[in-house]
Amino acid sequence: MNTFAILAFFAAILAVVVGVKDMMRKSIVFDKNTPDVFYCPIHKPSGMDKLIVKAKPLKKLCEFEGNPIPEDYKSDCYQDVDESSYACKEKYRIMMRMNPPGTEEPVMNEKEMKQMKRLARFIDVDKEYYEMKMEKKKPSKPKRRLANRLG
């Protein structure tokens, strides 16, 4: 019975520790109405309804991209949650939401623009030629053929 109580006690402590870490991990907040900032806690949160946050620019989220934090770096977020692995995943998710793949316009330099204009000219000429040929192929009145009078 005593062993069961000790195991239950350690399981409860483990659940509390995991729950606190999960709450700290998920304390990075992003609001789509303010897309250029994210919010991180400045004090240890006791619950999601009692979370005191500070706004920081989005470029500061996962600034070191998972690399070790310099010793002289002072983060405004509690326990540097803005540099955690979850923060990097969250930044990726936010950036994908703001700029989904395929939505950006392809950027063309001057040379590519000239090539596109040249191609457009050729396409226009081909289209005009095709239309001209199609007009010639339109069925006109059947030609009157003379009957063979010798026959």
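In mature numbering (1 follows the signal peptide of the UniProt record, and there is no 0), the protein residues as written are -19 to -1, 1 to 132.
All residues carry an ideal CB built from backbone N, CA and C; glycine is no exception.
Predicted model, so just to flag it, every value in this text is computed and none were measured.
Would you give the residue range spanned by the beta strand (DSSP E) that residue i belongs to?
{"i": "Tyr20", "result": "Val18 to Pro22"}
So, are the CB atoms of residue i and residue j less than 8 angstroms apart?
{"i": "Cys21", "j": "Ile9", "result": "yes"}
{"i": "Ile50", "j": "Asp61", "result": "yes"}
{"i": "Glu39", "j": "Asp17", "result": "The sequence shown places Leu at residue 39, not Glu. Yes, they are a contact pair."}
{"i": "Cys69", "j": "Glu46", "result": "yes"}
{"i": "His24", "j": "Tyr59", "result": "yes"}
{"i": "Lys72", "j": "Leu100", "result": "no"}
Give me the Cβ distance between residue i and residue j, rounded to the nearest whole Å; I'm assuming they're in contact under 8 angstroms.
{"i": "Lys37", "j": "Asp12", "result": "No, Lys37 and Asp12 are not in contact; Cβ-Cβ is about 13 angstroms, not under 8 angstroms."}
Flag residue i as yes when its Cβ comes closer than 7 angstroms to any non-hydrogen atom of the ligand PLP, and as no otherwise.
{"i": "Asp107", "result": "The model depicted lacks the ligand PLP and carries no ligand whatsoever."}
Query - alpha helix (DSSP H) segments (min. 4 residues) lying fully within the stretch 24 to 108 - result: Entirely contained in the stretch 24 to 108, the alpha helix (DSSP H) runs reaching 4 residues are, in chain order, 66 to 79.
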